[in-house]
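**Q** If you scroll down you'll find the structure; I have some questions about it.
Protein chains in written order, with the working numbering: chain A, 7 to 649; chain B, -5 to 483; chain C, 118 to 278.
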């Protein structure tokens, strides 16, 4: 062990003796030298140089009279042998200018003011010397006994770590291939002629190394060939995760963590591997510690690759997810458009009737008006005619059945069925009216009735135009809700409005149905009205498809309070159609499930979309069905949309 | 109120519906029954036997039924035959056959004679005509002939009208007037629509068809049922052949047709400059069609040439019947189209005439009226006028059925008529007169059809129809004069 | 009082009114009856039959509450009294299947699509009624006025010899 020295320069012999005495505890490792002045000190340092006992610290009392004290310290700082010596001033009082020079030019390390106490001095010296030793002797650990133990141990650990770090960093410039090649070569070298456990092996293709879900106690170094890593997906089908080639470590995760294998690995080609179990690996590492950092490095790199790969995968997944979401949104949109297209076709039919009625009414009205205005054959009853026109325009028409019954009666008065029917429609069929208005015309009764009938028809046609135009307006309004670009605006509405709008759109198809509506008084519901309308459209459309054109459609609404005291609204849509086979009940809500045929509503993804829409409303959709009897969808939507 | 009201209204409707018919039926039955119940002595007919008494009741009943028409006129015919068979035939009810005194009872009719009226030669002649018509229609000979014959008449409305009338007249000489009118109106209907509603020419065109059909029917013995009925009485010495009839019938028709044409144009001149009658089609050239053409031509030729080959028209009539049936040109299905009602109407008339003649009733009835005192020309005038009047209101055939037996008896018993042509002329004149009635829609089926188009009113029909009928009568007298002059009668 | 009846069936009053107006020219020869449902039309037919009036033509919508038009036509086609009636659909909604059914089983005579043309409707109805009259009426002459005269005359010509 190398010896170091420590020096005290003081003109006072008492002080020198006391320091000598106080520093004896260092004597096991340090040569303690005391001198009276700088001149002596210079000589002593020359001796120390020869003996190769580097001066670790110097306690120096500057000579106040000569103003040479600081000069000496500066001198020390310029000599290689003493440059790193810890320089401690040991003085009663100091001039500030000297102090500044000492710090700036002599790199003063510490200042101990006289009078001093032992502990203080020792503490300072230990500290300074520890600093010196740590930076000048690699073997600093041996000074732990006399110097600052904590610092030395810590420095030791740091040094060790640094050493490891240096060791790893050594490989940082080496490529993966080289690294693994070095390790594998080293392993082959290790096992050469020493392979009692048959670590170096060869396998043909399709040999399983690890099996997913099974415990794995082996680690393979792939020296040659290619393997594939597979994992079962949710449907139990093997999906390729990745491929590994020459240089890869196989089975690392399960081998190290002891968990069950995450993937199955099997060979694709003829492979050469080094197969190790825990004991063998320990043995290898123990006997060739050089391989440990290599192995560790390779391991870390392997993990790193995995991590990078998985991050990459994650990113890709997210991108895919995003594009899937876009595609999904598009799908929903196209489903909406498909339904819209079919609705438009239906509505076009639906519009036929009112449009036809309006066209005919205007056309007939034209003819009537020209006849009425052109004819003056019955001036006396023109006023009556006007009254009849107003009446026909404002009042709902007689039912055809009533007209018929009254016509039978009136035939006696009017003789011709045709005339009688017209008189009935004019509401002038009874005997009193006949006597009042018609009897005077004698044989011209028929023409008089015909004349008044023109007014009646005029009123009817005006009324029909009005009724039909309103109906068209209703239908158009119903359609608007589909065509309006989705504003995604939350509104607070009565659900019946949306259901009724949907029924208007389907009115045409539902004509041959018995539509039973059991509407309860519903609270207003916070929702996305258009989305819900898409739900109603789907459910009602499905009901129509399931019943094949005729049957019964039941719509029940009610307000309920759920167990968790959330106020909800329930909408039940039931048909008496073919029902759903029990094995399909779960599948109907899946995106890729459809029983749709051509001509049915939508693309067949309607229910999947319904589920999503209802989920967004924090609601639920349930289906009950008995084959050949009924299908019942129950939609529950909370009254208040959770934020 | 529903059910009760329903029943009530049904009741009243049913009643009002049946009231008139029931009244008529009651009247038509009651009068002859009362007549039959009245003792013979109270009836002002001299020497009337029991059989005659019954026949008289039947005759009166026939008159009432044909005039009032409570049942279809052909049904009346059948009823007449049936009643005769039951009451005055030798196979009738046993209690009605004899009451001991033969001179007072009279002579029963042979039931065979009565039943044979359903297949009398004249019926067969008519049947031959029907077969020709069926085949001609089936193989579109009529339409094609109309198309070809119309072509020369161009597009001048007056000439087109003349063409239509000529074709209609010629066709109705061999086909029923009804079928001919229907055919020609069908051809004309699309053209009528093209006329302006205020164009009087429409009326002229609509009227020309039935007039031509009525007039054309006079031309041949099978042209119209009254002719056939007349043929029944023109037997023995006064018999007339098919061709003979046409010799005076056709000129008469054509002449009257010409007058009718001018008259219609005068009353309702068409304002259109041009009229385009479009008849589609072409002559069929199948083997069967050619047979039809051939048989059609040869039958008519044989009818016209009776004097050469000696076959009577009734016999010749069997030629188309036989050939068409044999060649499946007329199938059993087509047979159903034959207007059996027309044939039975004629049969009934013949049976009625037979009864009147054989029982001697017609003779006794004529004798009971002091006709000798009237100048024969007046008798002719009255007879023809009566015929035309009656047939204006009732069926021409029924008129002929009722009048001709009496006229035949009159002609043969009234010696003063001999100078004017005797019964032969009188029968012809009355038969012709029956066809001259065309003043009302109900006068003839062709009139009814024209009226159904709703393009003519009763007024127009009455005016033109009466005048044409009047001219017809005048022409008839002229013809009688000429026929007498050339010694035909 | 007319012997023959035309029934129009449509659940929409406005359509019935318009059709009735269009068919008015036939009112002199045919009773025009309107029914707002198949059931009503049936009761009309029952009453008609009890009064010895027969159905000449039915003009029917297809999609109606209660029973469908085509089913009604099929039923009419199966009953002796109404088999002869001309059967017309006036609809904007019958699908191919229903139409085929109507043709095959109901002996559908004509299919009119909504919206229709008044003139065309009347023409079709006249044409169909003419056929009906020619096939079923003993004395079709009285219909010459309102129907297709040429066809009626032709039928007389061809059938009454």
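In this text, a Cβ means the ideal position worked out from N, Cα and C, and glycines have one as well.
Which ranges does the alpha helix (DSSP H) cover as unbroken runs of at least 4 residues, wholly within the segment 378 to 457 of chain A, from first to last along the chain?
**A** Complete alpha helix (DSSP H) runs here, min 4: 388 to 400, 406 to 420, 423 to 432.
**Q** Are the C-beta atoms of residue 174 (chain C) and some chain A residue less than 8 Å apart?
**A** No, no contact with chain A.
**Q** Answer with buried or exposed for residue 245 (chain A), where buried requires no fewer than 16 other C-beta atoms within 10 angstroms of its C-beta.
**A** It counts as exposed.
**Q** So, for residue 498 (chain A): in the same chain, excluding its five sequence neighbours on each side, which residues have a beta-carbon less than 6 Å away from its beta-carbon?
**A** Answer for residue 498 (chain A): 530, 532, listed in chain order.
**Q** My guess is that residue 84 (chain B) and residue 109 (chain B) are in contact by the Cβ rule of under 8 Å, so how many angstroms apart are they, rounded?
**A** Incorrect: roughly 12 Å between the Cβ atoms, too far for contact.
**Q** Would you please verify whether the beta carbon of residue 266 (chain C) is less than 8 Å from any beta carbon of chain B?
**A** Chain B, which has a Cβ nearer than 8 Å to the Cβ of residue 266 (chain C), makes this yes.
**Q** Using 8 Å as the limit for Cβ to Cβ distance, is residue -5 (chain B) near chain C?
**A** Because residue -5 (chain B) carries a pLDDT of 44, less than 50, the predicted location of this residue cannot be relied on, and the following value inherits that uncertainty. Chain C contact via Cβ: absent.
**Q** Please tell me whether residue 452 (chain A) and residue 413 (chain A) are closer than 8 Å, where the distance is taken between their beta carbons.
**A** In this structure, residue 413 (chain A) does not lie closer than 8 Å to residue 452 (chain A) by Cβ.
**Q** With a cut-off of 8 Å, do at least 3 Cβ pairs link the segment 171 to 185 of chain B to the segment 266 to 274 of chain C?
**A** Flag = yes, the segment 171 to 185 of chain B and the segment 266 to 274 of chain C touch.
**Q** So which residues on chain B does residue 258 (chain C) lean against when the C-beta distance must stay under 8 Å?
**A** Chain B residues near residue 258 (chain C): 442, 443, 446.
**Q** Within 8 Å (strictly less), CB to CB, does residue 261 (chain C) reach chain B?
**A** Closer than 8 Å: yes.
**Q** Compare the C-beta of residue 26 (chain B) with all C-beta atoms of chain C and state if any pair is closer than 8 Å.
**A** Not one chain C Cβ lies under 8 Å of residue 26 (chain B).
**Q** I'd like to know if residue 377 (chain A) contacts chain C, where contact means its C-beta is closer than 8 Å to some C-beta of that chain.
**A** Closer than 8 Å: no.
**Q** Could you tell me the alpha carbon to alpha carbon distance between residue 169 (chain C) and residue 295 (chain B), rounded to whole angstroms?
**A** The straight-line gap from Cα to Cα measures roughly 51 Å.
**Q** Using the C-alpha atoms, what's the distance from residue 637 (chain A) back to residue 631 (chain A)?
**A** Their backbone Cα atoms lie some 4 Å apart in a straight line.
**Q** Return the bridge partner residues of residue 97 (chain A) from the DSSP annotation.
**A** DSSP, once it has assigned bridges, lists A:119 as partnering residue 97 (chain A).
**Q** Nearest to residue 165 (chain B) by alpha carbon, out of B:126, B:346, B:148?
**A** For the residues B:126, B:346, B:148, the minimum Cα distance to residue 165 (chain B) belongs to B:126.
**Q** Under the DSSP definition of a beta bridge, which residues are partnered with residue 121 (chain C)?
**A** Answer is C:147, C:171.
**Q** Just to confirm the assignment: which complete beta strand (DSSP E) runs, minimum length 3, are found wholly within the segment 494 to 572 of chain A?
**A** For the segment 494 to 572 of chain A, whole beta strand (DSSP E) runs of length 3 or above, ordered along the chain, are 497 to 499, 519 to 524, 531 to 533, 557 to 567.
**Q** At which residues does the alpha helix (DSSP H) containing residue 406 (chain B) begin and terminate?
**A** Its alpha helix (DSSP H) spans residues 390 to 407.
**Q** Tell me where the beta strand (DSSP E) around residue 205 (chain C) begins and ends.
**A** First-last of the beta strand (DSSP E) with residue 205 (chain C): 203 to 208.
**Q** Please look up how many angstroms separate the CB atoms of residue 204 (chain C) and residue 225 (chain C), rounded, as I've assumed it's under 8 Å.
**A** Their Cβ separation, rounded to whole angstroms, is 5 Å, which keeps residue 204 (chain C) and residue 225 (chain C) in contact under 8 Å.
**Q** Evaluate residue 315 (chain A) with the Cβ neighbour count: other Cβ atoms within 10 Å of its Cβ, from every protein chain shown; 16 or more gives buried, anything less gives exposed.
**A** Exposed, because fewer than 16 other Cβ atoms sit within 10 Å of the Cβ of residue 315 (chain A).
**Q** Less than 8 Å between the beta carbons of residue 216 (chain C) and residue 228 (chain C), yes or no?
**A** Going by C-beta atoms, residue 216 (chain C) is nearer than 8 Å to residue 228 (chain C).
**Q** Label residue 161 (chain C) either buried or exposed according to how many other C-beta atoms from any shown protein chain fall within 10 Å of its C-beta, with 16 as the threshold for buried.
**A** Residue 161 (chain C) is buried by the Cβ-count criterion.
**Q** For residue 326 (chain A) versus residue 269 (chain A), is the C-beta spacing smaller than 8 Å?
**A** Their beta carbons are not under 8 Å apart, which means residue 326 (chain A) does not touch residue 269 (chain A) by this criterion.
**Q** Tell me whether residue 123 (chain B) is buried or exposed, calling it buried when 16 or more other Cβ atoms sit within 10 Å of its Cβ.
**A** Burial call: buried.
**Q** What do you get for residue 276 (chain B), buried or exposed, if any count of 16 or more other CB atoms within 10 angstroms of its CB means buried?
**A** The residue in question, residue 276 (chain B), is exposed, as its Cβ has fewer than 16 Cβ neighbours within 10 Å.
**Q** Can you list, in chain order, the residues of its chain with a C-beta nearer than 8 Å to that of residue 496 (chain A)? Leave out the 5 residues immediately preceding and following it.
**A** The residues are 532, 533, 534, 647.
**Q** Can you have a look at residue -5 (chain B) and say buried or exposed, based on whether 16 or more other CB atoms are within 10 angstroms of its CB?
**A** Reliability of the predicted coordinates at residue -5 (chain B) is poor, the pLDDT of 44 falling under 50, and no value is obtained from them.
**Q** Could you work out which residue in B:261, B:252, B:469, B:369 is closest to residue 457 (chain B) when comparing CA atoms only?
**A** When each option's Cα is compared against that of residue 457 (chain B), the closest is B:261.
**Q** Tell me which same chain residues have a C-beta within less than 7 Å of the C-beta of residue 135 (chain B), skipping the five on either side of it?
**A** The answer, listed in chain order, is 286, 287, 290.
**Q** So does the segment 210 to 228 of chain A actually touch the segment 268 to 286 of chain A, counting three or more Cβ pairs closer than 8 Å?
**A** Output reads yes: the segment 268 to 286 of chain A touches the segment 210 to 228 of chain A.
**Q** Rounding to the nearest angstrom, what Cα-Cα distance links residue 71 (chain B) and residue 408 (chain B) in this structure?
**A** Distance between the alpha carbons of residue 71 (chain B) and residue 408 (chain B) is about 28 Å.
**Q** Pick helix, strand or coil for residue 423 (chain B), following the three-state DSSP scheme.
**A** Of the three classes helix, strand and coil, the one that applies to residue 423 (chain B) here is helix, per DSSP.
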